[in-house]
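Okay, structure first, notes after.
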Amino acid sequence: MSTATTPAAPDGTAPTAFTGLDRTGKLVFAGLMLGMFVASLSQTIVGPAMPRIVAELGGVEHYNWIATAAMLVSAVAVPIVGKLSDLYGRRWFYLGGVAVFMIGSILAGMSQGFWFLVFARAVQGAGMGTILPLSQTIIGDIIPPRQRGKYQGIMGAVFGVTSVIGPLIGGTVTDNLGWRWLFYLTLPVGVVAFVFIWKFLHLERAAQHGKVDLWGISTLTPGLVIALLATSLGGTSYDWGSSIIIGMYAVAALFLIAFVLIENRVAEPLLPMHLLTRPIVALSVAASFAIAVAMFGAIIYIPVYAQGVLGVSATNSGAILIPLSVAMILTSIVVGLLITRLGSYKVFLVLGGIVLVTGYWLLTRLQYGDSQWHLTLAMIVIGLGLGLCMQVYTLVVQNAVPQRELGVATAAVQFFRNVGSTIGTAVLGTVMTAQMGSSIREQMQALPAEQQAALQQSGTQMDASQLESAVLDPDALSQLPGFLVEPIRMGMGEAMHAVFLTAVPFVAAALLLSLFVKQVPLRNTLHSADDAAASAPAGAGPAAEEFGEEELVSTSTGAIAAVGATESVTGSGDGLETSGTEGYARSGATGLSGATGSGSDEDQHTER
551 MSTATTPAAP DGTAPTAFTG LDRTGKLVFA GLMLGMFVAS LSQTIVGPAM PRIVAELGGV
611 EHYNWIATAA MLVSAVAVPI VGKLSDLYGR RWFYLGGVAV FMIGSILAGM SQGFWFLVFA
671 RAVQGAGMGT ILPLSQTIIG DIIPPRQRGK YQGIMGAVFG VTSVIGPLIG GTVTDNLGWR
731 WLFYLTLPVG VVAFVFIWKF LHLERAAQHG KVDLWGISTL TPGLVIALLA TSLGGTSYDW
791 GSSIIIGMYA VAALFLIAFV LIENRVAEPL LPMHLLTRPI VALSVAASFA IAVAMFGAII
851 YIPVYAQGVL GVSATNSGAI LIPLSVAMIL TSIVVGLLIT RLGSYKVFLV LGGIVLVTGY
911 WLLTRLQYGD SQWHLTLAMI VIGLGLGLCM QVYTLVVQNA VPQRELGVAT AAVQFFRNVG
971 STIGTAVLGT VMTAQMGSSI REQMQALPAE QQAALQQSGT QMDASQLESA VLDPDALSQL
1031 PGFLVEPIRM GMGEAMHAVF LTAVPFVAAA LLLSLFVKQV PLRNTLHSAD DAAASAPAGA
1091 GPAAEEFGEE ELVSTSTGAI AAVGATESVT GSGDGLETSG TEGYARSGAT GLSGATGSGS
1151 DEDQHTER
């Protein structure tokens, strides 16, 4: 595969700038998008079928584990796969991730018991935890950061599209073909993605060497699993203050402390701690965590508000997020194009944070009796905010790290998003559960005396737990006295107000963190000045950092470097010069079959 690049001329002139992917490159990009599509669709398509699934297989008391199993395993897989792909290459890991995901889908469709389905979803999660971060990492392997914005905008749009069509497809397929077809439906698309990547993606084998950080994996995996399990179980299966939850957090903390100590000692750490000591990386991953809380707070709990307060049916509540998703899709694409044109990203991070805070402020202003248009306006604003900034943090981190650490850095962003979504869903769910019962009771106690007397005469039980269940069950709600419906919905509205209010500090934190993210020039090259210095022969000249903000060379490598050819870097007064050198491969260089290219990098003035 080649891009719009040419090798350096014999007289040492620079190669032409990257202008886009050729046909083969576009097919690779299409394969990556298809892989992301099936992985992200699996997170949203199952929702409408979950009541039908537990009705057939049982396990209603463990209802949320159908989603939680995939999220947990995906979160654990992300950092491990990110580091291993840096050491051994992306292609086989990506193909393996697609294969594992499809195996999990087949097993899920064949499930005859609830816990086997949970196991199958965990297998799917392992595939998802490979496909999603590596799709973004491979984009970083073949497209320079300056040009990467528009492609990552399309990637962000994929998530938006699946959030729209997933629930719609899920409900339709479940009603007409049965829930098992939800898992079989993605298999043809997965096969196409596998074939595209198998045939067209041929990145040069990673030149890094080192032992796998088994001690890091052995401490991070149980630490993450136990911590995320405690977060998922807290407030639902067990009280937050119970000895079980506290004990799980304590054990998880011990594993994670051991992990940090190990990472500071091993030669090839699973998650290099020095990455998180860079302010631009630390701020970006922390903001990604906060954004994930806000995003899932909207996606999960806005439909609950629509059903419980506005009285929208369960079928229609799946479509109520369409304004949010469409706003996010369109904005994500436009922002990607603007970043490529302007070469600047910070303005979009800050503007996205401001818009998100505004959107959640609108959510907190919702009251019982407001029309659906009030909710729609808030959703559109939140969608605009997510589209402005969600995908941009990945670009910021990728631009700030050397190419040899691209996999683990991209995985770090995805990992903190996964953790944010898990923690956000659990914490906001606990707030809703804790607030709903007391709010409904208060509203019922405020009923007029004659209605209170009518309740006693009819023998209607005022059990708060039954009323909480009834608010989301139209059949149960219709069996209650008519005058009870309004106070129940009002109590639900108060509970959801508390949920949305709890999410506001997270979006405010994302805005605050974004204010301190430093604007670094987006490279027109794949490899940073650090990579050039690391690959230079002994005595090649001063380190890249000595040149400050001065541009070293303004040319582009394009998206690839040739297999069997690379660049040599030599010092030259006020910059670095490059020349094509046959016969050896540079550490960290990438290549796709049939491509040639060489060049040099711009100094990115990366914060260290």
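Here our numbering is used: the first residue of the sequence shown is 551, the next is one more, and so on.
C-beta: ideal position from N, C-alpha, C; glycine also.
Put simply, the stretch 687-704 touches the stretch 879-891. At least three CB pairs are less than 8 Å apart. Ranked by how close their Cα comes to the Cα of MET1040, the residues GLU992, THR722, LEU1061 and SER1064 have GLU992 in first place. Of the candidates ALA658, GLY585 and GLU606, the residue whose Cα lies closest to the Cα of ALA619 is ALA658. In the DSSP assignment, TYR788 forms a beta bridge with GLY784. Nearest in C-alpha terms to GLY677, of all of GLN964, LEU667, VAL628 and TYR788, is VAL628. Note on PHE750: 16 or more other CB atoms within 10 angstroms of its CB, so buried under the neighbour-count rule.
No Cβ-Cβ contact shorter than 8 Å links VAL1067 with SER838. Sorting VAL723, VAL631, LEU1065 and ALA976 by C-alpha distance to the C-alpha of PHE965 places VAL631 at the top.
Note on MET823: under 16 other CB atoms within 10 angstroms of its CB, so exposed under the neighbour-count rule. Secondary structure note for SER635: its alpha helix (DSSP H) is the uninterrupted segment 615-638. Residues ALA802 of the same chain have their beta carbon placed closer than 6 Å to that of ALA777, with the five preceding and five following residues left out of the count. Following the DSSP letters along the chain, one finds THR724 inside the alpha helix (DSSP H) bounded by residues 695-726. In terms of Cα proximity to ALA808, the closest of MET982, SER768 and MET798 is SER768.
Put simply, of LEU577, TYR910, LEU1061 and ALA800 the residue whose alpha carbon is nearest the alpha carbon of TYR943 is LEU1061.
Residue range 829-855 is occupied by the alpha helix (DSSP H) that includes PRO853.
Contact between ARG640 and GLY957 holds, since their C-beta atoms are separated by about 7 Å, short of 8 Å. Counting along the chain, the unbroken alpha helix (DSSP H) around LYS896 starts and ends at 896-914.
The residue from VAL981, LEU774, SER655 and PHE1050 with its alpha-carbon nearest to that of THR908 is PHE1050. For the 8 Å CB-CB criterion, ILE715 and LEU645 do not form a contact.
In the structure shown, PHE1066 adopts coil according to DSSP, grouped into three states. For GLU992, the uninterrupted alpha helix (DSSP H) segment begins and ends at 956-995. Put simply, of GLY654, LEU934, LEU821 and TRP923 the residue whose alpha carbon is nearest the alpha carbon of SER875 is LEU934. With respect to LEU732, VAL859 sits apart: the two C-beta atoms are not nearer than 8 Å.
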